[in-house]
Structures are given as C-alpha cells and as structure tokens.
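This report refers to the structure that appears directly beneath it.
Number of protein chains: 2
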Amino acid sequence: MSRAEQLREVFADCGISAALEVVGERWSFLILRGAFNGLRHFEEFQTNLGIARNILSNRLGRLVEHGILRRDPDPADRRKVTYRLTEKGRDLLPVLLSLRQWGERWISGHPSNPVLVDRYTRKPIAPMIVQSADGRELSLRDMEWVDRDELDRETAAA
Amino acid sequence: MSRAEQLREVFADCGISAALEVVGERWSFLILRGAFNGLRHFEEFQTNLGIARNILSNRLGRLVEHGILRRDPDPADRRKVTYRLTEKGRDLLPVLLSLRQWGERWISGHPSNPVLVDRYTRKPIAPMIVQSADGRELSLRDMEWVDRDELDRETAAA
DNA sequence: TCCTTTCAGTTGCGATATGAAACCTAATAA
DNA sequence: TTATTAGGTTTCATATCGCAACTGAAAGGA
Numbered sequence: 023m024s025r026a027e028q029l030r031e032v033f034a035d036c037g038i039s040a041a042l043e044v045v046g047e048r049w050s051f052l053i054l055r056g057a058f059n060g061l062r063h064f065e066e067f068q069t070n071l072g073i074a075r076n077i078l079s080n081r082l083g084r085l086v087e088h089g090i091l092r093r094d095p096d097p098a099d100r101r102k103v104t105y106r107l108t109e110k111g112r113d114l115l116p117v118l119l120s121l122r123q124w125g126e127r128w129i130s131g132h133p134s135n136p137v138l139v140d141r142y143t144r145k146p147i148a149p150m151i152v153q154s155a156d157g158r159e160l161s162l163r164d165m166e167w168v169d170r171d172e173l174d175r176e177t178a179a180a
Numbered sequence: 023m024s025r026a027e028q029l030r031e032v033f034a035d036c037g038i039s040a041a042l043e044v045v046g047e048r049w050s051f052l053i054l055r056g057a058f059n060g061l062r063h064f065e066e067f068q069t070n071l072g073i074a075r076n077i078l079s080n081r082l083g084r085l086v087e088h089g090i091l092r093r094d095p096d097p098a099d100r101r102k103v104t105y106r107l108t109e110k111g112r113d114l115l116p117v118l119l120s121l122r123q124w125g126e127r128w129i130s131g132h133p134s135n136p137v138l139v140d141r142y143t144r145k146p147i148a149p150m151i152v153q154s155a156d157g158r159e160l161s162l163r164d165m166e167w168v169d170r171d172e173l174d175r176e177t178a179a180a
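Protein chains in written order, with the working numbering: chain D, 23 to 180; chain Z, 23 to 180.
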C-alpha cells in the first residue's frame, strides 16, 4: 500500500469522522450542552437556544436515532415529551468540556456560567489535559503518532 | 432577572458557542485532525480528506483568520504554501482527542490509526477524563452546575 | 526557448441545508 | 366551550455545499 493510500485509509477510518457523522451538525453540540444543563423539553430547547423549530425537531430526532438522547412521553401530561441524555450522550461530557474550556481561553476570554464544580469540595473542575497511561500530563512534544502495526512490531521486538 | 432570562444569558455567553463560531463548520475538525497528523499543503488536505477545493480554500482561510493555522509561503518553491498549527490551534488537541475517543468507543467500535503514544514509554495516551482540582477522576454524579455568583457567595460564607 | 506539470486557488451551477413564520393536532386549563 | 400549551410540520426564501472546469503563477524537462 502506498503512503498516499495509507493516509487516505487512516482518514476514512478515524474515530473523529465517525463522531462527526453523529454530532457534527450545526446545532448538535448546543443542544447537548442544553441537555447537560438540565433542559428536557422541546419548548425549553427552542426558547433557550433560539433555534428554529424545524431544525430543532430534526436534530432531536437524529440524536434520539443515534442513541444519544432518549425520548419519553410524560405520563402525567400526555402533550409533553422528555428528552434526556443516555450513557452514550453523557459520555460526550469530556468533548463538551474541552471545547468549552478552549472557547473560554481563546475566544470569549473568560470563564462561562454556570461552573461545573466537584459536588463535595465545591471547587471548579480541572482543565482537560492529555495524560500518559500512568497519569503524567503530556504536551505535544512528549507524544508521537505511530502506526498501529508498527507499534505492535516495536512491542514484539522488545 | 428571571430564570428564563438567566438561562438565555448563560447560553449566549457560553464558551461552547464561542468555540463553535470558529471551529463548528462541517470540515473544520477534519482539517485540524489532518494538521495534527502532519498535513501542511493545500493539495495534501484536498486529496487526503476528499474535501471540495472551494470549501477547503474557504475553511483554511477562516482557520487562518482566527489564528488557528498560520499560512506561510515556502521560500524554496514559491508556488507552495504551508499551513501549520499555531499554539491556539495546538491547544485544540484535547477536543480532538476526546471526540476521537468517543467515536472509537461508541460509533466505530475500535481504536483508530495512527495511535498517539507517549514518545518515551511507547504506550498509547490515556482516555480523556474529567478531574477535580486535585486530580481525582469525577463522574457526572460527583459534579454539579453552580451559578458563578452563588459559588462566590458560598465561598464568602465559608 | 517552448511545452508540460504542479500548486493553490477561483468560478459557475445544481443540490442540499438552514431559518423565519405560519399552520396543525392533541391535550390540558379556564 | 373556548383558549392555551406542547410538540411538532409545512412553506418558501436564502445560504451553504460540492462537483467539475478553469485560471495563473511558478517549476521542470526537452
């Protein structure tokens, strides 16, 4: 396989493209942020985010389809529908938080509101960082991209 | 200020919307992933990502405008242009990695290639996690969203 | 020198996605 | 019974996307 073919395969297969298929559309992240902040109903999302109703309807549908939100009718009021995060959805929190921290640092220039705190110490959570398997913080120059097969060969050779 | 007004302000001000203004368009993340993986030239991005040339041109321009990529002419060959990440761009690595890890876990179902390893131990980096200020891993039920002003009052009261 | 290729775009144009506003239906509230 | 609320759907104008062809400057080769 040529270097070019290898690269193309790499890019087609990456987890990032897979993730973006599902949450890469214009409003998806903002809807998820809303869900993390306690929004549950169509009208809540609509008025708080200022999103068009048809787009919201479409996006909620897609997120439900992909198992990121669960859609439950409210048994007490049969007009109401509740959207809530599944485990798959909750597992997007690191993405949301690193995006948010980056935006705070480089774009808006100040911490946003509300703050996510440790429930017991009441202190804001730490900045998201890249860590080694044994928990040291890594910067880009401590890391290297390695082809998986080559890494296996390295390991076998050692 | 009413609860509704409060929420609207929260959503307008959040670091996530700020970040998405800059990197929220369809191809931006994939272009950045390419940059992190060593792509530098227009043709490289175009053939490896399979993106339309006009869109690529537009996105590269935007990323440069926002200071995420730097655009330098190649002094050795004056046709060539080099795009490389700035510090602001490199600081998006946690976002890219958490998105990638989520995609691997929940969508593609397997680790992507290439792997980002610790240069010295040759071990793949750890999963991105949310941590407390003192470095404990936190799950969603250990955390709470708190209004910044209320948090200040709590702190003052203690 | 002339001819060809490469690089980094731009242009034209049809297909798709987005957004605002009005409309719809079922269920509840007055 | 009438009004209001919740959660959408429809309509239509506008904006963005993506393919393919084209451009223009610079390099390379004969």
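Cβ coordinates follow ideal geometry from the N, Cα and C atoms, glycine included. Bear in mind the structure is a predicted one, so any value in this text is a computation, not a measurement.
Partners in chain D for Asp-164 of chain Z, counting only beta-carbon separations shorter than 8 Å:
Asp-140, Arg-141 and Tyr-142
Just to confirm my understanding: we take Leu-138 of chain D, look at its own chain, exclude 5 residues before and 5 after, and list those with CB closer than 8 Å. What are they?
Sequence-distant Cβ neighbours of Leu-138 of chain D in its own chain, meaning closer than 8 Å and more than five residues away, are Leu-119, Pro-146 and Ile-147.
Establish whether the CB of Glu-126 of chain Z and some CB of chain D are separated by less than 8 Å.
yes
Quick one: which residues of the region 95-127 of chain D get their C-beta closer than 8 Å to a C-beta of chain Z? List them in chain order.
Lys-110, Arg-112, Asp-113, Leu-114, Leu-115, Pro-116, Val-117, Leu-118, Leu-119, Ser-120, Leu-121, Arg-122, Gln-123, Trp-124, Gly-125, Glu-126 and Arg-127
Tell me, to the nearest whole angstrom, how far the beta carbon of Asn-76 of chain D is from that of Gly-56 of chain D; I am working on the premise that it is less than 8 Å.
Contact flag wrong, Cβ pair sits at about 17 Å.
Closer than 8 Å, CB to CB, is Val-86 of chain D near chain Z or not?
no
Under a three-way DSSP split, which group does Thr-69 of chain D fall into?
helix
Kindly indicate the opening and closing residues of the beta strand (DSSP E) around Leu-91 of chain D.
Counting along the chain, the beta strand (DSSP E) containing Leu-91 of chain D begins and ends at 91-95.
Three or more C-beta pairs below 8 Å linking the region 84-91 of chain D and the region 102-111 of chain D:
yes
Does any CB atom of chain D fall closer than 8 Å to the CB of Gln-153 of chain Z?
So yes, Gln-153 of chain Z belongs to the interface.
Under 8 Å from the C-beta of Ala-74 of chain Z: neighbouring residues of chain D
Those within 8 Å of Ala-74 of chain Z in chain D number zero; the least Cβ separation is about 15 Å.
Straight-line Cα distance separating Asp-169 of chain D from Phe-51 of chain D
31 Å
Could you give the residue range of the beta strand (DSSP E) that holds Val-103 of chain Z?
103-107
C-beta atoms of Leu-78 of chain D and Phe-64 of chain D nearer than 8 Å:
yes
In chain D, which residues lie with their C-beta within 8 Å of the C-beta of Ile-129 of chain Z?
Gly-37, Ala-40, Ala-41, Glu-43 and Val-44
Any C-beta of chain Z sitting closer than 8 Å to the C-beta of Phe-51 of chain D?
Cβ-Cβ to chain Z under 8 Å: yes for Phe-51 of chain D.
Which residues in chain D have a C-beta closer than 7 Å to the C-beta of Ile-77 of chain Z? List them in chain order.
One finds nothing in chain D with a Cβ atom closer than 7 Å to the Cβ of Ile-77 of chain Z; even the nearest lies about 14 Å away.
Can you tell me where the beta strand (DSSP E) holding Glu-126 of chain Z begins and where it ends?
The continuous stretches of beta strand (DSSP E) do not include Glu-126 of chain Z, and DSSP gives it neither H nor E.
Please identify the residue among Z:Glu-47, Z:Asp-35 and Z:Ala-41 whose C-alpha is closest to the C-alpha of Val-117 of chain Z.
In terms of Cα proximity to Val-117 of chain Z, the closest of Z:Glu-47, Z:Asp-35 and Z:Ala-41 is Z:Ala-41.
Could you tell me the distance, in whole angstroms, from the CA atom of Met-150 of chain D to the CA atom of Leu-115 of chain D?
Approximately 11 Å, taken between the alpha carbons.
Let's see if you can read the secondary structure: which residues bound the alpha helix (DSSP H) around Glu-166 of chain D?
Where Glu-166 of chain D is concerned, there is no enclosing alpha helix (DSSP H), although the beta strand (DSSP E) it sits in stretches over 165-168.
Counting only the same chain and skipping the five closest in sequence on each side, list residues whose C-beta sits under 7 Å from that of Ser-134 of chain Z.
Correct list, in chain order: Arg-122 and Glu-126.
Could you check the C-alpha separation between Leu-173 of chain Z and Arg-144 of chain D for me, to the nearest Å?
8 Å
Is it right to say Arg-81 of chain Z is buried, meaning 16 or more other beta carbons lie within 10 angstroms of its own, or is it exposed?
buried
Alpha-carbon to alpha-carbon, Asp-140 of chain Z and Arg-158 of chain D
10 Å
Go through its chain and collect everything with a Cβ distance to Asp-164 of chain Z's Cβ below 7 Å, but skip five positions before and after it.
Answer for Asp-164 of chain Z: no residue qualifies.
Using DSSP bridges, identify the partner residues of Val-137 of chain D.
When DSSP reads this structure, Val-137 of chain D sits in a beta bridge with Z:Val-168.
Rounding to the nearest angstrom, what Cα-Cα distance links Trp-124 of chain Z and Val-45 of chain D in this structure?
Going from the Cα of Trp-124 of chain Z to the Cα of Val-45 of chain D covers about 11 Å.
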